[in-house]
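Residue numbers (this note's numbering), protein chains in the order written: chain R, 4 to 209; chain P, 4 to 209.
By construction, the Cβ of each residue, glycine as well, lies at the ideal position given by its N, Cα and C atoms.
On a predicted model such as this, the values are computed, not experimentally measured, just so you know.
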C-alpha cells in the first residue's frame, strides 16, 4: 500500500473541477496549486501571468499578449531557442515536479497527471459533466452573458484537448490516463470531494 | 435527487470488473446479470450460449460455432433478414431493457451503458487497469498458461472496442460515456466495490 501525497485534477471547463480541488485541499489540510502555480511560473519565466494562464493549458492564440510574446520568442539566448509555448511548458513542468517533491498538494490542470505519471504517490482524477450542467454552471457562477455558453465550452474543451495531445501524445479524457474519473453533474460536486478525500486517506493499492 | 436502481459495469478484460459487479450486487442485495443474461438471450434467439457469450461483446470470428451460425444467418424469415450478429444485438438489447424495467440490478458488459443511456436511474461505471496488473491477474485467477497474457489482453480489448464502436458509434473507455471510471489496480478491487456501493446508496444528483 502506497501513501498518496498528491492529487492531480484535470477537468472539462465548467465541470467544477477547480471547486472540487479547492474543497478537497481544504478538507485534507494540504496545499492547493492552480493560480499559485501560474504566479510561480510567471515569476520564473518572466512572462505575464495572463500569458501563463492562457498558454499553460490552452492551444491557439487567445489574446494580443499571447501574440506579442510569441513574436519575441525566437530571440536567441533568451529561451534557449525554444518558442514561447515550449519554453513555458518546460518551466511549468519543472515547477510542477518541484511542488510535488516539496509537499502534499492538490494540483489542478496543466497536464500534471502526465508530468507526474511515474510517481507512485499520486492519485490522478478527471472531472467532467454534460453540456447542459456545465452551461448552466458557467452562466450562474461566472455570470457569462453570451448567447451560447455551449459554444464557449466546446471551444475551451477543444483547446485543452489539443494542448494536452501536443505535449503528452495522449488523448484527453481517455479513462486509462486517470485513476478515477467522475461525472460531477450526476455524482454531485460535494460527493466528488467526498470520494476523492476518502481515496486519498486510503492510499494506493498498486 | 434521483434514486439509482441499476449499475452497469463495462470493463477491460482482466481488470476485475466482473468480480466487482458480483460483490457489489451481493453487498446491495440486488440481482446480478452476466451469465444469466447470456442464458436468457440464448433462450430467446435459439443460439448456443457459447455463441451469445462470444458475439455479445466481441467483434470478429472466434470459433467454428460462430462461423457455422453466421453461415446460416441469411436464411429468410428466421431472423428478419438480419445477420446473426445484428440479430443477436437486437435481442440482447431487448433483454437488457426488460431486465432494467424488471428489478434493481448490476449488469456487466454488453454495451448496457449505451442501451440504458436515457434512463435516469442508472449509474454507469467503467473499470480498467494497467497491463501488468491484468496480466498477473488472469494468469493467477484463470490459470492462463500462455506465454503472452499481454497479447491475449490486447486482443480481447481490441475486439471489445470494435464491437462497442460498431453498435454505439462511441469510443470505448472515453470517460464522458460513464459516470465513474476506476483503475482497479491502483484503487483496489475491494475499494471499487466500496465506492460504487456508496454511490448507489446516495442516488444521482442529476
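With a threshold of 16 other beta carbon atoms within 10 Å, residue 180 (chain R) meets it and is buried.
The C-beta of residue 176 (chain R) comes closer than 8 Å to at least one C-beta of chain P. Assignment of residue 93 (chain R) by DSSP, reduced to helix, strand and coil, places it in the helix class. Straight-line measurement puts the Cα of residue 107 (chain P) at about 9 Å from the Cα of residue 32 (chain P). Within chain P, the residues 190, 194, 198 have their CB atoms less than 9 Å from the CB of residue 202 (chain R), given in chain order. Note on geometry: alpha-carbon atoms of residue 203 (chain P) and residue 7 (chain P) lie some 6 Å from one another. Residues of the same chain with a CB within less than 6 Å of the CB of residue 187 (chain P), apart from the 5 flanking positions on each side, are 18, 19, 130, 132, 195 in chain order.
For residue 31 (chain R), the uninterrupted alpha helix (DSSP H) segment begins and ends at 20-31. With respect to the 8 Å criterion, residue 198 (chain R) and residue 9 (chain P) are not classified as neighbours on the basis of their beta carbons.
Proximity of the segment 107-119 of chain R to the segment 91-99 of chain R meets the contact definition, three or more beta-carbon pairs being nearer than 8 Å. Three or more Cβ pairs drawn from the segment 171-178 of chain P and the segment 163-183 of chain R lie within less than 8 Å of each other, which places the two stretches in contact. The beta-carbon of residue 14 (chain P) is placed no less than 8 Å from the nearest beta-carbon of chain R. Non-local beta-carbon contacts of residue 42 (chain R) in its own chain, meaning distances under 7 Å to residues more than five positions away in sequence, involve 52 in chain order. Taking a Cβ-Cβ cut-off of 7 Å, the neighbours of residue 185 (chain P) in chain R comprise 183, given in sequence order.
Annotation for residue 116 (chain R): the continuous alpha helix (DSSP H) segment containing it runs 115-118.
Taking 9 Å as the Cβ-Cβ cut-off, the segment 85-110 of chain R has no residue approaching chain P.
For residue 129 (chain P), the enclosing beta strand (DSSP E) has its first and last residue at 125-131.
Residue pairing by DSSP puts residue 5 (chain P) in a beta bridge opposite P:207.
Closer than 8 Å to the CB of residue 205 (chain R) there is at least one CB belonging to chain P. Contacts between residue 112 (chain P) and chain R, judged by CB atoms closer than 7 Å, are missing: the closest CB pair is about 16 Å apart. Taking the beta carbon of residue 172 (chain P) as reference, no residue of chain R falls within 7 Å; the closest one sits roughly 17 Å away. Check the Cα spacing between residue 189 (chain P) and each of P:183, P:140, P:136, P:201: the tightest is with P:136. Within the same chain, and ignoring the five residues on either side of residue 168 (chain P) in sequence, the residues whose Cβ sits closer than 8 Å to its Cβ are 174, 175. At a C-beta separation below 7 Å, residue 209 (chain P) has these neighbours in chain R: 136, 188, 189. Between residue 5 (chain R) and residue 104 (chain R), the C-beta gap is not smaller than 8 Å, which leaves the two residues out of contact. Interface residue (Cβ-Cβ distance to chain P less than 8 Å): residue 179 (chain R) is classified as such. The three-state reading of DSSP puts residue 158 (chain P) in helix, counting H, G and I together. Per DSSP, the beta bridge partners of residue 35 (chain R) are R:109.
Nearest CB-CB separation between residue 169 (chain P) and chain R: not below the 8 Å threshold. According to the DSSP assignment, residue 186 (chain R) belongs to the beta strand (DSSP E) that extends over 183-186.
Of the candidates R:50, R:30, R:209, the residue whose Cα lies closest to the Cα of residue 89 (chain R) is R:50.
Residue 28 (chain R) and residue 182 (chain R) have their C-alpha atoms some 18 Å from each other.
A Cβ-Cβ contact shorter than 8 Å links residue 24 (chain R) with residue 109 (chain R).
Not a single CB atom of chain R sits nearer than 8 Å to the CB of residue 50 (chain P). DSSP, reduced to helix, strand and coil, places residue 173 (chain P) outside both helices and strands of the structure shown, so it counts as coil. Residues are counted here when their Cβ sits less than 7 Å from a Cβ of chain R; for the segment 112-133 of chain P these are 129, 131, given in chain order.
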